[in-house]
Structures are given as C-alpha cells and as structure tokens.
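For the sequence shown, position 42 (counting from the first letter as 1) is numbered 42 according to full-length UniProt numbering, and the numbering increases by one without interruption. Backbone N, C-alpha and C fix where the C-beta goes; we use that ideal spot for every residue, glycine too. To start, the structure under review is shown below, and the notes come after it.
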Amino acid sequence: MSNSDVHDDSTHGGSSGASPPAPLRVLVAEDFEPVRTLTARMLTKLGHGEVDEAEDGQEAVDALAARHYDLLLLDLSMPRLTGVDVVRWLHAHPEHADGLTVAVLSASAHAERPMLNELGVTLVLPKPVRIQQLSDLIDEVQRTR
C-alpha cells in the first residue's frame, strides 16, 4: 500500500496559538496486516510517531506489560488471545491500564455494543478506519489527558 492509499480528509490543526498536545504513544493490535499497517501510517501522518503494532492478542498483552501506552486500538477477533481477552487482562492488571484509552476497531460495532458496554469499552472505530475518525478520537483522548 502506498501513502496515496491514506486519504486525508481531515482539517487537523488549529489557530488557538497554544502549543500542540504531545504525541500519543499508541499500540495498534490488529491481526489483518493491511488494516494494521494503514492505521499505523495514518497515526504517523497525524503526528504520532510512537506507534507499536501487535499481530494478535498475546503480542498486545506482552507489549502492554512491557510499556506504557496512551491509546490502544484493538481488534476483537484476533488469534491466540482475542480483543475481549486483552480487555479482561487489562481489568485484571490495572497497573498496565493507568492512563490508557481503549478503542475497539470493528466492522460490526452495533452488534458488539452490549458486550463492549459490559467490558467498559465505549470507544469504537468502524472498519475501514478513516483518518478523520482517527483524528477525532485522538483529539478526544488528548483533551482528557
């Protein structure tokens, strides 16, 4: 995929005169490589260069145990450990969830909403992820930091 595959329909930026917020440290946990890579590229384009990638839930847990992240973009259907397993792991290990915002990447968010609410996950980005939606999510996360 080339950079031209990333469609920037955002109007990111502002004229408030305040310095821009610090970049977020982001973990993208997605087993489908094209979605994972494209999402990481969009994050980089939006100014968030500290982006790690996990191919499955176990890699996500290993990364979360080793490093602090501000944002976890999490697919629910992954091998080894599912996204639900990762969220349950975070509930069991709150020291790794401090300051972490979890947003689920989903093609069927409406069907999964009751289960996500039960897990305490309220942020969902529909697949395919669009750069404006990602930018809006990042703005929301930065406002609450």
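Proximity to R130 [Cα-Cα], best of N117, S106, R113, Q142: S106
For P114, which three-state DSSP category applies? helix
Do G83 and D75 come within 8 Å of each other at the CB atom, strictly closer than that value? yes
Reduced DSSP category for T44 - H, G, I as helix; E, B as strand; rest coil: Looking at T44 - three-state DSSP - the assignment turns out to be helix.
Does the contact criterion of 3 or more C-beta pairs under 8 Å hold for the region 56-68 versus the region 81-97? When Cβ pairs closer than 8 Å are counted between the two stretches, the region 56-68 is seen to touch the region 81-97, the count reaching three or more.
Among V61, L81, V104, which one has its Cα closest to the Cα of L134? V104
Contact under 8 Å by Cβ, V26 with V61: no
Mind pulling the alpha helix (DSSP H) runs of 4 or more residues that sit fully within the UniProt domain "Response regulatory" (25-142)? 33-45, 57-66, 83-92, 109-119
Taking buried to mean at least 16 other C-beta atoms within 10 Å of its own C-beta, is H110 buried or exposed? exposed
Check whether the Cβ atoms of L100 and L123 lie closer than 8 Å to each other. no
Quick test of your reading: L24 and Q132, contact by CB under 8 Å. State the CB separation rounded to the nearest angstrom. So it is not a contact: roughly 17 Å between Cβ atoms.
Return the CA-CA distance between P114 and T44, expressed in angstroms with no decimal places. Taken atom to atom, the span from the alpha-carbon of P114 to that of T44 is near 32 Å.
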